[in-house]
C-alpha cells in the first residue's frame, strides 16, 4: 500500500518555532523549505537549522520532505550536500523544466549517497513544475527517475510565466493540472497540487480541494495548519461511499465464487474498473485510519 | 577554524537564539549567555554551544548568546552558522545522520 499524501505542510526552513511544532498539526507530510521562504542572506542558517532538526528531532511516522533551491541558483548542490546526509524521505526539486533537471539533481544525490555510505537510491525525490515549459514537459519529467514519488504543480511561478494571475476558480491552472495529473498517473507516481494562498477563504479552499481530488490528484500542499483538517475531510471517503464500495466487493466476491468475473448490484453492472475503484477507496480509508491512529 | 570577524546568526523570535561570535587573541571560549529559561536550561544551552564550537575546531572566541527558548538543534544550528560566518568559511562538513 503506498503512502497517503493528502497534505504536505510547508514549513519555512529558517523558523525554529515552526520547525519544532510542524508534526503536531496532523499533515501527512512535512516539507521544510530552503527555497522561496528563506531570504538570500539566511540560506546558510536555514540549511544548518533544517539539517540539525532532521538529525536530532523525531517526527514519528510523518513523511519528511525538504525543498531545496534549484541547481541553477548556485545553492542547490550546497543544499544537497547537507540534506542528503540528513536523510529526509524526499527531496523536492523546485522549478523543474525538463527531465534533464531531475537527472542532474539525481546525479548529485547519487554522488553524495556514495560518498556518505548511504544506500544508493534511498533518497526519494519529487519534482515541482512551475513554468509553461515544465508543464509541456510533464510527461518526460514524470518518467525521468525511479526516485520520483510524485510531481507537483507550483502555481505562483507558473501563472507569472503565463502572464496571468491566480483566480478563485483556478481557470488559469486547468491545463497545467490536467497535464500534471495525467503525466503522473501514466508514470505510476503521485500528482500533488499547489497551495491555496487565501487562508481565510475556507469555502474556496474546500471547493479547490474537491475539484483537484475529482481530477485525480493525490493531495495538496498547505501553507497553514488550518487547511489540513478540511483537506483531509475532502480526501477521506464518506461512509456512504465506503458502504457502496464494500457492497461492490461483496458482490464481486460472490460472482467470483460462482465462476463469473462480472456481477451486478442494484441493477448496475460491476466489472473490473468498478472493482478497482472500490478497492482503492477502501484502501484509502484504511490508510487514513492508520494515519489518524498514529497521530494520537 | 579561525574566527576572523564578528559573525551573528539567529533572531529574537520565540524558540530561537541569537549567537554572536567574535575573535579573541588568547586561547579559550568566553561565553556570555542570557536566557528566559536560564535556571532550567542555561547549563544545557552552554553545553551545546561549547560542544558545537569544539566540533568545529574553534578554540579562541568571545561568544554572546541571547536565548528565546531554543531547542538543542536550534542552538547548534545557530552556533554553526555564526561560526562559519565569523570564519568567513563555506567549507561545510556534513556528517551522514548528523551528530547525535
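Residue numbers (the numbering used here), protein chains in the order written: chain A, 34 to 329; chain B, 24 to 123.
Just so it is clear, CB atoms sit at the ideal spot from N, CA and C, and this is done for glycine as well.
Asked, Found
"Residues of the region 26-41 of chain B whose Cβ lies closer than 7 Å to any Cβ of chain C, in chain order", "Absent from the structure is chain C; the protein chains it does hold are A and B."
"Inter-residue Cα distance where the pair is residue 196 of chain A and residue 57 of chain B", "50 Å"
"Backbone CA spacing between residue 61 of chain A and residue 294 of chain A [nearest angstrom]", "36 Å"
"Local conformation of residue 46 of chain B per DSSP, three classes", "coil"
"Inter-stretch contact at 8 Å, needing at least 3 Cβ pairs: the region 254-263 of chain A / the region 51-61 of chain A", "yes"
"Cross-chain neighbours of residue 103 of chain B in chain A, by beta carbon under 7 Å", "81"
"Test: residue 123 of chain B CB closer than 8 Å to a CB of chain A", "Summary for residue 123 of chain B: the model assigns pLDDT 41, below 50, so the residue's position carries little reliability; its value from the coordinates is reported in the next sentence. So, interface residue."
"Sequence-distant residues of the same chain with beta carbon closer than 6 Å to residue 163 of chain A, five excluded per side", "128, 187, 190 and 191"
"Test: residue 141 of chain A CB closer than 8 Å to a CB of chain B", "no"
"Cβ-based burial, residue 317 of chain A [other Cβ within 10 Å; buried from 16]", "buried"
"Near-chain B residues of the region 85-96 of chain A - C-beta to any C-beta below 7 Å", "85, 86, 88, 89 and 90"
"Residue-chain proximity (residue 149 of chain A, chain B), Cβ-Cβ < 8 Å", "yes"
"8 Å Cβ cutoff, residue 94 of chain B in contact with chain A", "yes"
"Residues within the region 48-68 of chain B neighbouring chain A, beta-carbon criterion of under 7 Å", "none"
"Residue environment, residue 305 of chain A, which counts as buried when at least 16 other CB atoms sit within 10 Å", "exposed"
"Option nearest residue 64 of chain A by Cα separation, candidates A/58, A/41 and A/282", "A/41"
"Proximity of residue 177 of chain A and residue 132 of chain A at Cβ, strictly below 8 Å", "yes"
"Alpha-carbon to alpha-carbon, residue 238 of chain A and residue 229 of chain A", "6 Å"
"In chain order, each alpha helix (DSSP H) run of at least 4 residues that lies wholly inside the region 51-93 of chain A", "76-89"
"Within 9 Å of chain B by C-beta, residues of the region 253-286 of chain A in sequence order", "none"
"Sequence-distant residues of the same chain with beta carbon closer than 6 Å to residue 167 of chain A, five excluded per side", "129 and 130"
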